[in-house]
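Numbering (my numbering), first residue to last: 423 to 754. Think of the CB as a built atom: it goes at the ideal place given N, C-alpha and C, for glycine as much as any other residue. Here the structure is a predicted model, which means the values were calculated and not measured. Here's the structure, in structure tokens; my notes come after.
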Amino acid sequence: MPTAAAPEKVAAPPRSATPAVALADLRVGYGRREILHGLTATLSGQVIGLLGPNGAGKSTLISTLLGFLRPAAGTASVLGLDVAQVSRQARRQIGYMPENDAFIASMSAVSFVRLMGELAGLPAEAALERAHEALFYVGLGEARYRPVGGYSLGMKQLAKLAQAIVHGPRLLILDEPTNSLDPPARLRMLRLIREIRDTGACQIVLCSHLLRDVEETCDEVVILKHGRIVHHADLAADRAAAGRSAPMLDVELSGGEAATLAAAARARGCEVASASGSRLRLTLAQGMEAGALFRMAAECHLQVRRLSQGHDTLEDVFLRAMREDAVPEVRA
Numbered sequence: 423m424p425t426a427a428a429p430e431k432v433a434a435p436p437r438s439a440t441p442a443v444a445l446a447d448l449r450v451g452y453g454r455r456e457i458l459h460g461l462t463a464t465l466s467g468q469v470i471g472l473l474g475p476n477g478a479g480k481s482t483l484i485s486t487l488l489g490f491l492r493p494a495a496g497t498a499s500v501l502g503l504d505v506a507q508v509s510r511q512a513r514r515q516i517g518y519m520p521e522n523d524a525f526i527a528s529m530s531a532v533s534f535v536r537l538m539g540e541l542a543g544l545p546a547e548a549a550l551e552r553a554h555e556a557l558f559y560v561g562l563g564e565a566r567y568r569p570v571g572g573y574s575l576g577m578k579q580l581a582k583l584a585q586a587i588v589h590g591p592r593l594l595i596l597d598e599p600t601n602s603l604d605p606p607a608r609l610r611m612l613r614l615i616r617e618i619r620d621t622g623a624c625q626i627v628l629c630s631h632l633l634r635d636v637e638e639t640c641d642e643v644v645i646l647k648h649g650r651i652v653h654h655a656d657l658a659a660d661r662a663a664a665g666r667s668a669p670m671l672d673v674e675l676s677g678g679e680a681a682t683l684a685a686a687a688r689a690r691g692c693e694v695a696s697a698s699g700s701r702l703r704l705t706l707a708q709g710m711e712a713g714a715l716f717r718m719a720a721e722c723h724l725q726v727r728r729l730s731q732g733h734d735t736l737e738d739v740f741l742r743a744m745r746e747d748a749v750p751e752v753r754a
């Protein structure tokens, strides 16, 4: 676990190590209603982004990894431990920062974090020492004796992070850690997440609806939809290839409407991703060179001011995965 001092930089665990999470035809439900439908994936990234719209099954998956729900079929493993068979041992390896507050409001932060450390298996004296260290590390050292019920929203989020790391977990599950934070508090939380990531001390599962947060911190992403995995990939590979046979081009026009050039490009077989104002993003038709784009612009009495090769953002990937006709994508 990071301490009050700056964490020592160590090498991140190799991808060939025991995966943080392994799912094999995992099916989980409530009563007769199945929520997760045969999830299969091996998640080995240093920071794994878990995305999906409301009702996609993210919370159900987290509850299963924590041992709160038992699979109806298939398996879920955390750090090589089957959560259905050895849930207590698995939970000791996990730090969990819940989305909703779960404080005892009258307790001081140091007493609360100490309690959570003891519940995770630390002896009382060690739990108290680690509670002080964790609170100093997240920036609450001066406020650690104040009741958590009187904390601001940003301070409560930091206290939740402190209790999640107090016992030195090997896997840290963060559920909406920047939810409702103002910009300075959000930046502080993201800095702490990156700092924990860069120590290599533990792997992180980051569940968030803020795509920018995931893009800034994660190296692997899983997108759920209707209880199924619709995208699982390495973010760097997505940015480099984006599953396309031709590069995506970003076009800026000198005046004029991009929609006019977009219509001409579509008529020639190009795939237009977006057209707004004087900006256009498209993929040229098979065998077409960039010079054809300039000729199309001239025919439309438009002038290309800037042309550059673009890449899919995480938002592009997410929106493509959310299409009703999307085909599930998985990393090779």
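- For the alpha helix (DSSP H) holding G471, just list the boundary residues, first then last. Premise fails: G471 lies in the beta strand (DSSP E), 469-473, not in any alpha helix (DSSP H).
message = Would A506 and P520 qualify as a contact pair, given that the criterion is a beta-carbon distance under 8 angstroms?
response = A distance of 8 angstroms or more separates the beta carbons of A506 and P520.
E711 versus R690: straight-line alpha-carbon distance, rounded = Looking at the two C-alpha atoms, the distance is approximately 12 angstroms.
What ranges does the beta strand (DSSP E) occupy inside the segment 445-518, keeping only unbroken runs of at least 3 residues that lie completely in it? Within the segment 445-518, the complete beta strand (DSSP E) segments at least 3 residues long are 455-465, 469-473, 495-500, listed from N- to C-terminus.
- Query: Can you tell me the Cα-Cα spacing of A717 and T735, whole angstroms?
  - Reply: Position check: residue 717 holds Arg in this sequence, whereas Ala was assumed. Distance between the alpha carbons of R717 and T735 is about 28 angstroms.
Quiz item: Any contact of the segment 573-582 with the segment 497-512, i.e. 3+ C-beta pairs under 8 angstroms?
Solution: Too few Cβ pairs lie closer than 8 angstroms, so no.
*Tell me, to the nearest whole angstrom, how far the beta carbon of Y567 is from that of S509; I am working on the premise that it is less than 8 angstroms.*
In fact, because the Cβ distance is near 34 angstroms, the residues do not count as touching under 8 angstroms.
Got a sec? Which residues, its chain only, sit under 7 angstroms from P591 by beta carbon, not counting five neighbours each side? So the qualifying residues of the chain are Q515, I516, G517, C624.
*Which ranges does the alpha helix (DSSP H) cover as unbroken runs of at least 4 residues, wholly within the segment 521-577, from first to last along the chain?*
Listed in chain order, they are 531-541, 546-560.
Using the three-state DSSP reduction, which class does T425 fall into: helix, strand or coil? Here the model assigns T425 a pLDDT of 46, short of 50, so the residue's position is not dependable, and the following value carries that caveat. T425 carries a coil assignment under DSSP once its states are collapsed to helix, strand and coil.
| Roughly how many whole angstroms lie between the Cα atoms of V627 and I526? | It is roughly 25 angstroms from the alpha-carbon of V627 to the alpha-carbon of I526.
- [ ] Use the C-beta contact count for Q731: other C-beta atoms within 10 angstroms, 16 or more gives buried, fewer gives exposed.
- [x] The residue is exposed, with fewer than 16 neighbouring Cβ atoms inside 10 Å.
My output table needs one value for E711: the three-state DSSP class, helix, strand or coil.
Coil at E711, not helix or strand.
In chain order, what are the residue ranges of uninterrupted beta strand (DSSP E) at least 3 long that sit wholly in the segment 605-659? 625-629, 642-647, 650-656, all fully within the segment 605-659.
| request: Name the two residues that bound the continuous alpha helix (DSSP H) containing A685. | output: A685 -> alpha helix (DSSP H) spans 680-689.
Practice task
Hey, could you find the ends of the beta strand (DSSP E) A695 is sitting in?
Solution key: For A695, the uninterrupted beta strand (DSSP E) run begins and ends at 693-698, by DSSP.
Out of curiosity, what's the CA-to-CA distance linking G460 and N601? G460 and N601 have their C-alpha atoms some 29 angstroms from each other.
What residues in its chain sit with their C-beta under 6 angstroms from that of L596, if we drop five residues either side in the sequence?
-> Hits under 6 angstroms: M519, L628.
Next on the checklist: Is it buried or exposed, D635, if we count other Cβ atoms within 10 angstroms and call 16 or more buried?
Outcome noted: D635 comes out buried.
- Message: Would A707 and C692 be called neighbours here (beta carbons separated by less than 8 angstroms)?
- Response: In contact: A707 and C692 (Cβ atoms closer than 8 angstroms).
Short Cβ contact (8 angstroms threshold) for L583 with P599
Yes, Cβ-Cβ distance for L583 and P599 is below 8 angstroms.
query: If we call anything under 8 angstroms between Cβ atoms a contact, is L614 one with V560?
result: A contact, by the Cβ cut-off of 8 angstroms.
Measuring only from the beta carbon, is Y567 closer than 7 angstroms to any heavy atom that is part of the ligand SAH?
Here there are no bound small molecules, and the ligand SAH is not part of this structure.
Next item on the list: Classify A684 as buried or exposed, calling it buried when 16 or more other Cβ atoms lie within 10 Å of its own Cβ.
Entry: With 16 or more other Cβ atoms from the protein chains shown falling within 10 Å of its own Cβ, A684 counts as buried.
Exercise. Which residue from N522, L465, G467, L729 puts its Cα closest to that of S481?
Worked result: If we check each option's Cα against that of S481, N522 comes out closest.
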